[in-house]
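Numbered per this note's numbering, the sequence shown spans residues 401 to 836.
All C-beta atoms in this analysis are idealised placements derived from N, C-alpha and C, irrespective of residue type, glycine included.
Every value quoted in this text rests on a predicted model; they were computed, and no experiment measured them.
The structure under discussion appears below in the form of structure tokens.
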Amino acid sequence: MNILLGHTNMDLDCIGSIVMARYLFPGYVPVKSRLIHPVAKNLYNLYQNHLGFINPMDLEGEDVEHVVIFDTRSHKRLREYFDRLGEDWNGKVDIYDHHVNDSLDIPGATLHECTYGSNTTFICEKLIEKGIEIVPDDATIALCGIFADTGNFTHQNVNEKDFAAASWLMKMGANKNIAMKFLSKLSEEYQVTLFHQVLNNLEIRNIHGHSIAIAYMELEEQVNGLAAVIEKAFEIEHCGAIFGIIGFCDSGNTLIIGRSRKEKIDMLPILGDWGGGGHSRAGSALLKKKFGTQIKDDFLKHLQSELLPAIKAENLMTSNVLTINENLTILEASIYLEEIGHTGVPVENDEGVLSGMITLRDISKARKVKQMHSRIKGYMTKKVFYTEKDASIREIEKIFNKHHVGHIPVLNEDKKILGILTRRDYLDFLERQKQI
Ligand SMILES: [Mn+2]
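Below is the structure:
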């Protein structure tokens, strides 16, 4: 017997990968996890006859030759299957996985890896290469996997291959409407109630320039699907990271669920120190027999010491800014701009304090009314949007979004110019973020 496996607590990407793999490995038997992730439950229930998964316990006594694993490379996420195969089992193992940062700890396994947002994409790619066609139900299931792991194509990890695979699945007859039905994160009514509770409890803290959302709650007992609730709140909060700290009255345990959008807020060390784990952008920690608001205070202190300072205006600005004195003439400004090849420069008074901006537009206004010998200060733009060196990306972003400016002077406490930040600097920063 040859089998197809995914990680324990099987999710949509895992099911999608296995469903696609049945075409790649005809005759191989898919095995389900004892645990199905809450987001995948409805899909699994509806399609279970079509899927034909067997249970891990059915493996007992079977002579398994080849095991093909999807969406994980970590032994601890496969224990429920390997336990059934027995300690001395030493058949052939192949792994198809997109968790490139995880370490492989299955001896003798052959690893096939990719960096795509969804592991299902990886298997679709193989089918496309081989020219294999699939039935519409399977295409719909696979599409769910891609939607789920790419956050509907909005997560950082999305790759062009994910789009290509989705496009191919649509061609194979995937039903987008059915897929969307399975993707609604908050499928249960109590989750919607909790979601409102999270929003009501949400505090936004500024920690070393990062804006961090924290929701502390106490529930009667632990329920499924809390991570989905926190993720939903994170979708609508424009902050660097979110932490849900949820205490359970019955067990006296507390669960911390964290999600991050920034490289500098890495969940692994933050939650790892508290006995948790996950990925750098998503993690959780279960604190056994710890309960109460003190945990929130301790956790905030922990964040203070753990987080690296956020990028600030001074890290992005160009220093050694060229400026011009407000008492020079428009003609001089025009010649100067031509010389330095800029479309505008900050203007200073005699004390070196920022007093305005002069641009080619201002100069052409003066030229029209033949005022080239007037002083710059009569024609410059006096209302300048500036920022301080410690300003966060959020503050800079706000200026660019709200006001029609291309340059933001960065000033020190005495309003003297330290540097200048252009829209290009900001876009380049966003571009770099994307590559991480
Ligand atoms: Mn996955």
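- Residue state for N442 is assigned as helix, using DSSP reduced to three classes.
- Setting aside the 5 residues that flank it on each side, S684 is surrounded in the same chain by A627, L655, I656, I657, G658, L671, G676, G677, G678, each with a C-beta closer than 8 Å to its C-beta; the list follows chain order.
- Comparing alpha carbon positions, the residue from G647, L435, H498 closest to E618 is G647.
- With a 10 Å radius around the Cβ and a threshold of 16 neighbouring Cβ atoms, G486 comes out exposed.
- Of the other Cβ atoms in all chains shown, 16 or more fall within 10 Å of the Cβ of D411; this residue is therefore buried.
- Per the coordinates, the alpha-carbon of I469 lies some 7 Å from the alpha-carbon of V493.
- Counted as a single uninterrupted DSSP element, the stretch harbouring V419 is not any beta strand (DSSP E) but the alpha helix (DSSP H) occupying residues 412-424.
- For F691, there is no enclosing alpha helix (DSSP H), as DSSP marks it with neither H nor E.
- Contact between the stretch 771-787 and the stretch 714-734 is present, with at least three C-beta pairs closer than 8 Å.
- Shown here for R775: same chain residues with a beta carbon closer than 8 Å to its own, the five before and five after excluded, namely E726, N727, L728, T729, I730 in chain order.
- Contact annotation: K701 and G609 have beta-carbon atoms that are not nearer than 8 Å.
- Given a length threshold of 4 residues, each whole run of the alpha helix (DSSP H) inside the stretch 514-602 is given here in chain order: 519-530, 536-549, 560-571, 576-583, 589-601.
- In terms of Cβ geometry, V467 and L511 do not form a close pair [threshold 8 Å].
- Approximately 17 Å separates the beta-carbon atoms of Y428 and I541; this is outside 8 Å, ruling out the contact.
- Distances taken from the Cβ of S518 to the heavy atoms of ligand 1 include one shorter than 7 Å.
- The three-state reading of DSSP puts G806 in coil, since its state is none of H, G, I, E or B.
- I817 is positioned such that its CB atom lies no closer than 8 Å to that of V745.
- Burial check for C414: the Cβ neighbour count within 10 Å reaches 16 or more, so the residue is buried.
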